[in-house]
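Data first, discussion second: the structure below is written as structure tokens.
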């Protein structure tokens, strides 16, 4: 089936099987490897991307369901070589260890801050409950999200 | 994990979806958010040959007040339900329940109609609808019929929704300022309830205490006859036959039902 999606601001048309999951479309058809396949069961959040500005787990979305819509991956956040404030905050606060969960954490954070630009620490922890860090590096991740909010990332979120 | 192959059709209207259901019979499945169906298809526990996407039909979204009821489009995502000012004011237990489903990403996609049609006895929204005394509007070729929550859940993952019907809307009574309590005992973040209890206006519903969400009738009767919360809660597990699994045996589930009912009757969360 033919689908037309806008991925990281670029419109593209592809022929896909209806059963192709959005995460596989992004990784294998678009060549965008930031979204990871972790648990593959809607639990870990490593495949989180934005669909029309809202965070979703792309292992549980069909590409055909996203037909005509906008998808943003971590590759689409930086502009003109400048890191998105959320990315910059994750680097500044060292909000990562092995890095596997990081693209999902960053995208979930962008989604969270677009809904709630100034979350409390509790709201950050609850807002990221759909993302697992198997290194258990949550403290720095939470610090990074709070720093991103402080830097005004909510205003740019979902851009 | 890759689902088995299927054909996909985006329905253009509820009537179109019903035509497609009629044409494809039990080979077809309705798809909205897909957060119950797609995981089952990835595990090949479900292998429909046609998916009929009703997730983007405007007719099935939106929340409005209609007399003394709230009418919620079946394709309304949990996140929209949870943040709706109307729902938070007039059916606060429902808004709270929607906010307990999964995690933010799941709540962005999963829908109230999908959760009710899936009818997991451990899930949040079936229990909430039962506690609230709500109902569902089932749209078929001959029109719409309304089924109350007490009659909707008929068995383990089974409902009275016919193969050629779809859930169009969900109705709950409007009760601003009503007292309510909601308890969900989980082992892990984001998990389904080992046991759940929702209490509102003298009605008590239990999650995961049987093959369907259940009313705690004996406890409700005791409340109506003037018993206090602690006394009524002692009866919460009467006439239940909960399943046993790695998380809890039967006696432990019954114990949880009593404790959580007492809490639900004495505080909100």
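Protein chains in written order, with my numbering: chain E, 8 to 166; chain C, 50 to 318.
Glycine included, C-beta positions come from ideal geometry on N, C-alpha and C.
Excluding its 5 nearest sequence neighbours in each direction, residue 123 of chain E has C-beta neighbours in its own chain below 8 Å: 130, 134 and 161, listed in chain order. Counting other Cβ atoms within 10 Å of its Cβ, residue 80 of chain C reaches 16 or more and is therefore classed as buried. 8 Å or more divides the Cβ of residue 127 of chain C from the Cβ of residue 99 of chain C.
Under the three-state reduction of DSSP, residue 103 of chain C is assigned to coil, being neither helix nor strand.
Residues are counted here when their Cβ sits less than 8 Å from a Cβ of chain C; for the segment 8-29 of chain E these are 8, 24, 25, 26 and 28, given in chain order. Assignment of residue 35 of chain E by DSSP, reduced to helix, strand and coil, places it in the helix class. Under the criterion of beta carbons closer than 8 Å, residue 97 of chain E and residue 45 of chain E do not qualify as touching, at roughly 18 Å. Bridge partners of residue 63 of chain E according to DSSP: E:56. Of E:141, E:82 and E:16, the smallest CA-CA separation from residue 39 of chain E is found for E:82. Contact between residue 262 of chain C and residue 254 of chain C holds: their C-beta atoms lie close to 6 Å from each other, under 8 Å. Residues of the segment 221-255 of chain C with a C-beta atom less than 9 Å from some C-beta of chain E are 238 and 239, listed in chain order. Residue burial annotation: residue 92 of chain C is exposed, with fewer than 16 other C-beta atoms found within 10 angstroms of its C-beta.
In this structure residue 48 of chain E is in contact with residue 88 of chain C, their Cβ atoms being roughly 6 Å apart against a cut-off of 8 Å. Taken atom to atom, the span from the alpha-carbon of residue 315 of chain C to that of residue 177 of chain C is near 17 Å. For a cut-off of 8 Å, the C-beta gap from residue 51 of chain E to residue 42 of chain E is around 12 Å, too long to register as a contact.
The C-alpha of residue 115 of chain E lies about 22 Å from the C-alpha of residue 35 of chain E. The beta carbon of residue 279 of chain C lies closer than 7 Å to those of 311 in the same chain, with the five residues before and after it left out. Restricting attention to E:104, E:111, E:100 and E:105, the CA atom closest to the CA of residue 153 of chain E is found in E:100.
Taking 8 Å as the CB threshold, residue 259 of chain C stays off the interface with chain E.
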